[in-house]
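S.K.:
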Amino acid sequence: MNLYLLYISFKSFKHFFTNILQIFDFRWDNIKIIVFAPHPDDECYGAGGSILKWLDEGHDLHIIFFTDGRAGYRVARERGDLEDCEETRITEDELAKRRLEEANAAAKFLGVKKENRHFLKYYDQELKNHIDDAVKKIMNIVKDADIFVIPSNNNNHPDHQATHDIAIKVAQKLNLKNVKFYVFALYNPLKAEGEHVIKLRIGDLRFKVYEALKLHKSEFYTKDMGWQSLAMRDRRRERFGIYYLKDKGNFYNF
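In my numbering, the protein residues as written are 38 to 291.
1) For Asp-105, does the three-state DSSP call read helix, strand or coil?
2) Once you ignore the five residues that flank Leu-282 on each side, which residues in its own chain have a CB closer than 6 Å to its CB?
3) Going by DSSP, what residues sit across from Tyr-160 in a beta bridge?
4) Out of curiosity, what's the CA-to-CA distance linking Ala-182 and Glu-123?
5) What separation, rounded to the nearest whole angstrom, lies between the Cα atoms of Pro-226 and Pro-77?
6) Is it the case that the Cβ atoms of Ile-187 and Phe-73 are separated by a distance below 8 Å?
7) By DSSP's criteria, Gly-278 is part of a beta bridge. Which residues make up the other side?
8) Cα separation between Thr-128 and His-253?
9) DSSP three-state call for Asp-62: helix, strand or coil?
10) Of the choices Lys-228, Asn-191, Gly-278, whose alpha-carbon is the least far from that of Lys-217?
11) I'd like the list of long-range same chain contacts for Phe-185, defined as Cβ closer than 6 Å, with 5 residues on each side in sequence excluded.
12) With 16 other CB atoms within 10 Å as the buried threshold, where does Ala-171 fall?
13) By alpha-carbon positions, which one of Trp-91, Tyr-159, Glu-248 ends up nearest to Ala-143?
14) Near Phe-257, which residues of its chain fall below 6 Å by C-beta distance, leaving aside the five closest residues on each side in sequence?
15) If contacts are defined as beta-carbon pairs under 8 Å, then Ile-100 and His-155 qualify, I think. What distance do you get, rounded to the angstrom?
16) Could you please give me the residues that DSSP links to Pro-188 through a beta bridge?
17) Between which residues of its own chain and Val-112 is the CB-CB distance below 8 Å, once the five residues before and five after are set aside?
18) Of the residues Ala-268, Gln-265, Arg-276, which one's Cα is nearest the Cα of Glu-232?
19) Between which residues of its own chain and Ala-222 is the CB-CB distance below 7 Å, once the five residues before and five after are set aside?
20) Is it buried or exposed for Trp-264, if we count other Cβ within 10 angstroms and need 16 for buried?
21) If you count every other CB in all the chains shown that lies within 10 Å of the CB of Ala-108, and 16 or more means buried, which is it?
22) Of the residues Gly-86, Leu-267, Met-262, Asn-141, which one's Cα is nearest the Cα of Leu-119?
23) For Tyr-224, tell me which candidate among Ser-255, Asn-192, Lys-151, Ile-68 has the shortest Cα-Cα distance.
24) Under a Cβ-count criterion, where at least 16 other Cβ atoms within 10 Å of its own Cβ denotes burial, should Ala-140 be classed as buried or exposed?
25) Using only alpha-carbon positions, find the residue among Glu-94, Tyr-159, Ile-88 that is nearest to Arg-136.
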């Protein structure tokens, strides 16, 4: 076997072995995981099955909900995607209250401890105006974390982009160079390849994620929620880009 073939074989084995360790989360100790959710329901769409898997393994998992979801009906109405009924003819304050209550119920259903559910309550669609304030508020929560689960960079949704920026900024401020970033993409493609991508098998956990998503009841008055929730119910794997702080700026999603 020549040196080139030996090199290719080594790279292939390294990639395979790295993915196996990541899939089974091979560590002797429990780890602290922070899920960054731009809105109520993004915890389910971005990493619902993985949340269940990690909690089942006994890890210390937190969810930070950054916005209150108040703009959901306004945006859907502008798109012509909102069902017109008594339930949707409510104020944005009323919708925000409802969505935060639903997020709390869904997180409880997933198994997240009460003290690990964090609600910052920034106005939906306005998170980009509060990045520095959000960084200050979450520093004590994330300072000893092992994994950040965050939305992708180059994001088409302003709150998802702002959430990504907050995660990076707090990691830089705290010098969290060993934190592993699990990046999910909901509003743009995930372009991660090779050792920077992982697909976590969630199997039948997807059905419990679907039940958790249904607790976000107010969302089901939007026309696209039905097919999106069914697509998530059928998802057997969750795909993430995997990065460290040193990788920032070198990849499309990070």
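Yeah, the Cβ is synthetic: ideal placement off N, Cα and C, and Gly gets one too.
M.R.: Taking the structure as given:
1) coil
2) Ala-208, Lys-214
3) Per the DSSP secondary-structure output, Tyr-160 pairs with nothing in a beta bridge.
4) 43 Å
5) 21 Å
6) yes
7) Answer by DSSP bridge pairing, in chain order: Val-220, Val-234.
8) 17 Å
9) Note that Asp-62 has pLDDT 48, beneath the 50 cutoff, so the model's placement of it is unreliable and the number below is only indicative. In the structure shown, Asp-62 sits in coil (DSSP, three-state: anything other than H, G, I, E or B).
10) Considering only alpha carbons, the answer is Gly-278.
11) Ile-71, Ala-204, Val-216, Phe-218
12) By the neighbour-count definition (other C-beta atoms within 10 Å, threshold 16), Ala-171 is a buried residue.
13) Glu-248
14) None.
15) 7 Å
16) In the DSSP output, where bridge partners are listed per residue, Pro-188 has Phe-221.
17) Gln-162
18) Arg-276
19) Ser-189, Asn-290
20) Trp-264 is exposed by the Cβ-count criterion.
21) buried
22) Ranking Gly-86, Leu-267, Met-262, Asn-141 by Cα distance to Leu-119 puts Met-262 first.
23) Asn-192
24) buried
25) Tyr-159
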